[in-house]
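Engineer: I'd like to ask some things about the structure below.
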Amino acid sequence: MAQEPETLHLDISSEYFRMDSEEVRKARSIHWYARTDWGMAVLSYEDSSFLLKHPLLTQGSAKWPAQHGVTEGHFDRWWQKTLLVLEGDEHNRIRRLVNPAFSPRRIQPLHERFRSLANSLIDDWVGVGKTEFASRFAAPYATRILCMILGIDERDWKKIHQLASTIGLGLGITIQENIARIDEAIAELTRYAKFLVRSRRQSPRDDILSTLVETRDTDDGKLSDQELINLIILLIFAGIDTTRNQLALSVEAFSKQPDQWEKLAANPDHYAAKAVEEALRVNPIGRWISREAADTIQHKERTIEKGTTLHLFTLTSATDPAAFDNPDRIDLDAERAPHFAFGGGIHHCLGHFVARADIGIALSAMATRMKDLRVEEGAEWLPDSGNTGANKLPITFSRRF
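Mapping the sequence shown onto this note's numbering, position 298 (from 1) lands on 295, and the numbers just tick up by one.
Written as structure tokens, this is what we have:
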């Protein structure tokens, strides 16, 4: 039997681990995967693309809480039944029922409200030449947009944001030390979701939340009450946490390339969509996509045993020099292969149309009103494993108008 090539070990549980480090680049240059304490890390674009669609690799995130010592409680029970980790007929049924609620046709009429919100938030601090971006823009923008989409009173945004941020800790490597707070947030958001369902049953509106309640009540019970509540919690959490953190990561990425920021500012209608894709490619919130081998498979020289966890590194694959020219740089005019920031296959992100729209509108609004963008000292980042983002992001800039 041929001997498997030497691979490096990556300590992805360390608070000092960085996806864009020389350590990870070296591991990628040596081989298509590396070893970790939580399974295989798939590093190359070619192999990530192939394995992401493999029929014998299922969603691998269900084990995440248990891998960190969390095997009971509100978060664990919710997580095991959330759409993110479901498989087979159960996953396909729920996704088929709710997909129409997140189509571009439903989201496009809200674009002007997104733009108006972005500009009103910028108005509050653009004249000062500096701001703390995470709290003064990313948090209220992401949360209030989620409120618009679901039809929630925007005056509740601070409470909802805090709950979503706390639940977001469940996707990071500090989950165990924060699990009491996370469980409490899940319990409170469950009560809030039940209140929202009751209110829409009594007084339906033209919003996604009413559409979901109608799907539950008129489609022969194909969406159970618990499935509806779990889905609403997921939408609130994912719709806020991902957009807020991705906006901060995007600003950081563009601050390093003022030429591309100026290109966006000069022609936002042309470059907004590409700006989103390039920011997601070089600096995604989701640092990896997890899969689990449902059966033993052979991939290249490696036998992947049943039950093996694979982490497909999104940033590493999307900056692979074997697949991209100048891979670490944003290039708004380049034709790029698709990135995997929204996952892939049957688990491709349900809300990707929303995320692409609201992030593109936000980046365009900022670029047209701000130049000389810089991230200052004092930025506070979440660990660079699982999901990441900024707790604080002080920025300075010059005002365009």
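The beta-carbon is built from N, C-alpha and C at its ideal position, and this holds for glycine as well.
Is the region 179 to 197 touching the region 19 to 39, taking contact as three or more C-beta pairs under 8 Å?
Structural biologist: no
Engineer: Restricting to Cα atoms, I'd like to know which of 258, 3, 165 and 127 is closest to residue 360.
Structural biologist: 258
Engineer: Near residue 273, what residues of its chain come up, given a Cβ to Cβ distance below 6 Å and the 5 sequence neighbours on each side ignored?
Structural biologist: Taking C-beta separations shorter than 6 Å and ignoring five residues to either side along the sequence, the partners of residue 273 in its chain run 353, 356 and 357, following chain order.
Engineer: In chain order, what residues of the same chain lie with their CB nearer than 7 Å to the CB of residue 110, ignoring the 5 residues before and after it?
Structural biologist: Within the same chain, residue 110 has close Cβ partners 145.
Engineer: In whole angstroms, give me the CA-to-CA distance for residue 106 and residue 141.
Structural biologist: 16 Å
Engineer: Measuring only the C-alpha atoms, how far is residue 57 from residue 15?
Structural biologist: 22 Å
Engineer: Does residue 62 pass the burial test, meaning 16 or more other C-beta atoms within 10 Å, or should it be called exposed?
Structural biologist: The residue in question, residue 62, is buried, as its Cβ has 16 or more Cβ neighbours within 10 Å.
Engineer: Using 8 Å as the cut-off, can you tell me whether the region 114 to 122 makes contact with the region 158 to 178, which would need three or more C-beta pairs spanning the two stretches below that distance?
Structural biologist: In short, these stretches do not touch, since the Cβ pair count stays below three.
Engineer: Identify, in the order they occur along the chain, each residue of the same chain with its Cβ nearer than 7 Å to the Cβ of residue 227, setting aside the five sequence neighbours on each side.
Structural biologist: 75, 78 and 79
Engineer: Does the region 190 to 208 come close enough to the region 45 to 57 that 3 or more CB-CB pairs lie under 8 Å?
Structural biologist: no
Engineer: Less than 8 Å separating the beta-carbons of residue 130 and residue 390?
Structural biologist: yes
Engineer: Looking only at C-alpha atoms, which of 328, 168, 160 and 327 sits nearest to residue 189?
Structural biologist: 160
Engineer: With DSSP run on the structure shown, which of helix, strand or coil describes residue 372?
Structural biologist: DSSP places residue 372 in strand when its eight states are reduced to three.
Engineer: According to DSSP, is residue 293 part of a helix, a strand, or is it coil?
Structural biologist: coil
Engineer: Where does the unbroken beta strand (DSSP E) through residue 393 begin, and where does it stop?
Structural biologist: 391 to 396
Engineer: Are residue 367 and residue 123 closer than 8 Å when you measure CB to CB?
Structural biologist: yes
Engineer: CA-CA distance, residue 31 and residue 341?
Structural biologist: 21 Å
Engineer: Does DSSP classify residue 287 as helix, strand or coil?
Structural biologist: strand
Engineer: Which residues does DSSP list as the beta-bridge partners of residue 378?
Structural biologist: Per DSSP, 387.
Engineer: Specify the secondary structure class of residue 56 as computed by DSSP and reduced to three states.
Structural biologist: strand
Engineer: Can you determine whether any heavy atom of the ligand FAD sits closer than 7 Å to the C-beta of residue 117, and answer yes or no?
Structural biologist: This structure simply doesn't include the ligand FAD, nor any ligand for that matter.
Engineer: Less than 8 Å between the C-beta atoms of residue 242 and residue 286, yes or no?
Structural biologist: no
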